[in-house]
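Trainee:
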Amino acid sequence: MASSYADVFARSIDDPNGFWLDAASSVDWITPPSRALDDSAAPIYRWFPDATLNTSANALDRHVAAGRGDRPALIWDSAMTGEQRTFSYAELLDEVARFAGVLTAHGVTKGDRVIVYMPMIPEAAVAMLACARIGAVHSVVFGGFAAPELATRIDDARPVAIVTASGGLEPGRTVEYLPMVRDALALSESAPATVIVKDRPQITGSAADFGWLDWDDQTASAQAADPVEVSATDPLYILYTSGTTGKPKGVVRDNGGHAVALMWSMRNVYDVDPDDVWWTASDVGWVVGHSYIVYGPLLLGATTVMYEGKPVGTPDAGAFWRVIAEHGVSALFTAPTAIRAIRKADPEAAELAKYDMSSFSTLFAAGERLDPDTFAWATDKLGVPVVDHWWQTETGWAIVANLRGLEPMPLKPGTATVPVPGYDVQVLDAEGGRLGPNAEGNIVVKLPMPPGTLAGLWGDEARFRSSYLNAFPGYYLTGDSGYIDDGGYVFVLGRSDDVINVAGHRLSTGSIEAVVAAHPAVAECAVVGIHDDLKGQRPSGYVVLKAGADIAEEQLRSELVTMVRDEIGAVATFRDVTVVQGLPKTRSGKILRKTMRQIVDGEEYAVPSTIEDPAVLEALAEQLGR
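Residue 114 in full-length UniProt numbering sits at position 114 of the sequence shown, and the numbers go up by one each step.
1. Alpha carbon to alpha carbon, how far is residue 70 from residue 274?
2. For residue 409, which beta-bridge partners are listed by DSSP?
3. Over the uninterrupted beta strand (DSSP E) stretch that includes residue 614, give me the two end residues.
4. Pick out whichever of 282, 315, 284, 327 has its Cα sitting closest to the Cα of residue 303.
5. What's the C-alpha gap between residue 582 and residue 567?
6. Starting from the N-terminal side, write out each stretch of the beta strand (DSSP E) that is 3 residues or longer and does not extend beyond the region 160-187.
7. Does residue 603 come within less than 8 Å of chain C when only Cβ atoms are used?
8. Can the beta-carbon of residue 536 be found closer than 8 Å to that of residue 372?
9. Between the Cα of residue 624 and those of 179, 228, 595, spot the shortest distance and give me the residue it belongs to.
10. Keeping to the same chain, check which residues put their C-beta closer than 7 Å to that of residue 58; ignore five residues upstream and five downstream.
11. Would you decide whether residue 163 is buried or exposed? Buried here means 16 or more other CB atoms lie within 10 Å of its CB.
12. Check whether the Cβ atoms of residue 427 and residue 488 sit closer than 8 Å, and answer yes or no.
13. Return the CA-CA distance between residue 559 and residue 603, expressed in angstroms with no decimal places.
14. On a Cα-Cα basis, can you pick out the residue from 591, 517, 67, 252 that is closest to residue 612?
15. Secondary structure at residue 539, three-state DSSP: helix, strand or coil?
16. Runs of 3 residues minimum, wholly inside the region 574-610: which ones carry the beta strand (DSSP E) assignment?
17. Could you pull out every residue in the same chain whose Cβ sits closer than 6 Å to the Cβ of residue 557, ignoring the five residues on either side in sequence?
18. For the pair the region 170-185 and the region 214-221, tell me if three or more CB-CB distances fall below 8 Å.
19. Pull up the distance between the alpha-carbon of residue 569 and that of residue 311, whole angstroms please.
20. Which term fits residue 622, buried or exposed, when burial requires 16 or more other beta carbons within 10 angstroms of its beta carbon?
21. If residue 386 sits next to residue 393, beta carbons under 8 Å apart, how far is it from one beta carbon to the other, in whole angstroms?
22. Would you mind reading off the limits of the alpha helix (DSSP H) that contains residue 89?
23. To the nearest angstrom, report how far apart residue 588 and residue 523 are at their CA atoms.
24. Check whether the Cβ atoms of residue 231 and residue 203 lie closer than 8 Å to each other.
25. Between the alpha carbons of residue 47 and residue 233, how many angstroms are there, rounded?
26. Nearest CA to the CA of residue 513: which residue from 542, 491, 553, 447?
27. Rounded to whole angstroms, what's the CA-CA distance from residue 99 to residue 198? Just pull it up for me.
28. With a Cβ-Cβ cutoff of 8 Å, do residue 290 and residue 140 count as a contact?
29. Quick one: what's got a C-beta closer than 8 Å to residue 358's C-beta in the same chain, skipping five residues either side?
30. What would DSSP say about residue 354, mapped onto helix, strand or coil?
31. Please report the distance separating the alpha-carbon of residue 86 from that of residue 355.
32. Determine the burial state of residue 502: buried for a count of at least 16 other Cβ atoms within 10 Å of its Cβ, exposed for fewer.
33. According to DSSP, simplified to helix, strand and coil, what is residue 403?
34. What do you get for residue 111, buried or exposed, if any count of 16 or more other CB atoms within 10 angstroms of its CB means buried?
35. Suppose you measure from the CA of residue 24 to the CA of residue 116; what does that come to, to the nearest Å?
36. Near residue 435, what residues of its chain come up, given a Cβ to Cβ distance below 7 Å and the 5 sequence neighbours on each side ignored?
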């Protein structure tokens, strides 16, 4: 590797205090930091402990004050409605300040939690930034999650308000949110009194129907709220991610380290300048949407695109290329699933030829592994660098990347390239020994993690320690396996636990199993993540019927699919159900899910020494054609 990356990386590891203090100069502080790293409570670290700021003011007010108020801040493009709206920095600031005033008028204060349950409309970003403005902690819940999942998050975060919309739009259907919010409130033990609804004309039902507050009525007469000073270590948001127990984990992001890390990443990882138009084709319900639809580009002062639509079917496989051409997008960040969907619908990229792509310079992919075939197709058709990178909800920004703004490196299929400065990535064996080049093991990050990574889990330090810190003392456990090659390139091979990655969405197989097991005909079950050419992985269910159960397999499948959709949500894409005679288990009763997945995917597998009854495994392999 050339000296530029090597020197920067070495300093970030050898002198994290000096490195991140220098990076912090890009942020407007109310009280500037005198030091970067607080290691007094190691292995739990804090960044910029004596500093104060306001994240919303950094994303909006300072750009207006610098004379860039007329600069486009947010472009909303809805392929579902045909609408487009552009907000300048001054206009977005006005929207945010007034909605912050609405929240304040209804008793939301610094430190309170607010659930944001919204589709991809500008009000979602406004609500997030308004919470940040008054020091409230937002928790965005993806609008496709069912009422029980929403209720679980309400009970954990204990919000004082919910901000939602009448619904979301999908190709060929609408999704009504308000009945789900009503049901979630009924299920919750911590239901807030305040619900604010942005009504959409395309959706049946309104705030008035449920006796809730109307967004437009509230903002029309609202007094703008000024930004509130918060500590750099105060929480900015909680974002829930699946845990292996089925109970979601509330990842906490702080204000100061988050702002510093995202500013650094926009320039150094993505090579974005304030005059660029940047598009992240994700959802604000996921960490990618938090970091790179809302906060990252606005902190930098660039223009961010918010898209309501799909890569195909809204109306065709040229949807992404249209957005790039119409808005002059310089870089797109999306999941490999989206590129695979476009390729499946338009393998020769005929739609691409219809659009002027001259503004477009880079395609970034993350959320799941970018397979070599998709990498090659996108590289060939687009004629621009196709850059994979790897990160997690917990980290909030890239762990491994090809740093386009620092030192672009040769692109190789199957790898996210090299560790990002601040992340001391290593591979350990089961006993915690460090492995050499090309040896597969547990991917970990030596502590301390850089700024912007999780500060903890909401209300559960014990789980934070047990989930991430205890397995290998002195290291953060990523939960992924892989290796580092002779050239320092990191290859991430997959999850090492029972959380699966479906089109970039991390889902607990345990939570899906709990739904399947509730069917009256099911005696026991296992759900494993199997390979899917489009989504990366998909859940596949294997059930043992109760003795005497009289139900056709197709009827069982239909009923289970409906149950999972109702309880988990459509994002689970659960549709595979196989009735089996028995499930292979260890002598301690643990189902051999990894071995089952290997059988289903046609991989070579070894019979574990801990197996209780090898005949059960043999019968399963024979039934599944192995």
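Even for Gly, the Cβ is constructed at its ideal location relative to N, Cα and C. Since we're looking at a predicted model, the values are computed, not measured.
Mentor: On the basis of the coordinates in this document:
1. Going by the C-alpha atoms only, they are around 13 Å apart.
2. Per DSSP, none; premise fails for residue 409.
3. Premise fails: residue 614 lies in the alpha helix (DSSP H), 614-623, not in any beta strand (DSSP E).
4. Nearest C-alpha to residue 303: 327.
5. Between residue 582 and residue 567, the C-alpha separation is close to 26 Å.
6. If we require 3 residues or more, the beta strand (DSSP E) runs fully inside the region 160-187 come out as 161-165, 167-170, 173-176.
7. Of the protein chains in the structure, only one exists, and it is not chain C.
8. In this structure, the beta-carbon distance from residue 536 to residue 372 does not fall below 8 Å.
9. That would be 595, whose Cα lies nearest to the Cα of residue 624.
10. Apart from sequence neighbours up to five positions away, the residues of its chain that approach residue 58 with a beta-carbon distance below 7 Å are 27, 28, 259, 299, ordered along the chain.
11. Buried is the call here.
12. Not a contact, by the Cβ cut-off of 8 Å.
13. Looking at the two C-alpha atoms, the distance is approximately 30 Å.
14. The residue from 591, 517, 67, 252 with its alpha-carbon nearest to that of residue 612 is 591.
15. Strand, per DSSP.
16. Whole beta strand (DSSP E) segments, 3+ residues: 576-579.
17. Once the five neighbours on either side are set aside, the close Cβ partners of residue 557 are 577.
18. The count of Cβ pairs closer than 8 Å, one atom from the region 170-185 and one from the region 214-221, stays below three, leaving the stretches out of contact.
19. Rounded to the nearest angstrom, the two C-alpha atoms are 20 Å apart.
20. By the neighbour-count rule (16 or more Cβ atoms within 10 Å), residue 622 is not buried but exposed.
21. The C-beta distance from residue 386 to residue 393 rounds to 23 Å, too long to fall under 8 Å, and the pair is not in contact.
22. Annotation for residue 89: the continuous alpha helix (DSSP H) segment containing it runs 89-105.
23. Confidence at residue 588 is low in this model, with a pLDDT of 49, below 50, so the placement of that residue should be treated as unreliable; the coordinate-derived value is given next. Residue 588 and residue 523 have their C-alpha atoms spaced approximately 18 Å apart.
24. Here residue 231 is not near residue 203, since their CB atoms are 8 Å or more apart.
25. One C-alpha to the other measures close to 7 Å.
26. Closest option to residue 513, judged by alpha-carbon separation, among 542, 491, 553, 447: 542.
27. Between residue 99 and residue 198, the C-alpha separation is close to 12 Å.
28. Pairing residue 290 with residue 140 gives a Cβ-Cβ distance under 8 Å.
29. Excluding residues within five positions, none has a Cβ falling inside 8 Å.
30. Secondary structure of residue 354 (DSSP, three-state): helix.
31. Approximately 21 Å between the Cα atoms of the pair.
32. In the assembly as shown, residue 502 is a buried residue. Its beta-carbon has 16 or more other beta-carbons within 10 Å.
33. Coil at residue 403, not helix or strand.
34. So residue 111 ends up on the exposed side.
35. Across the structure, residue 24 and residue 116 are spaced so that their CA atoms are roughly 29 Å apart.
36. The beta carbon of residue 435 sits closer than 7 Å to those of 427, 428, 429, 441, all from its chain and outside the five residues before and after it, given in chain order.
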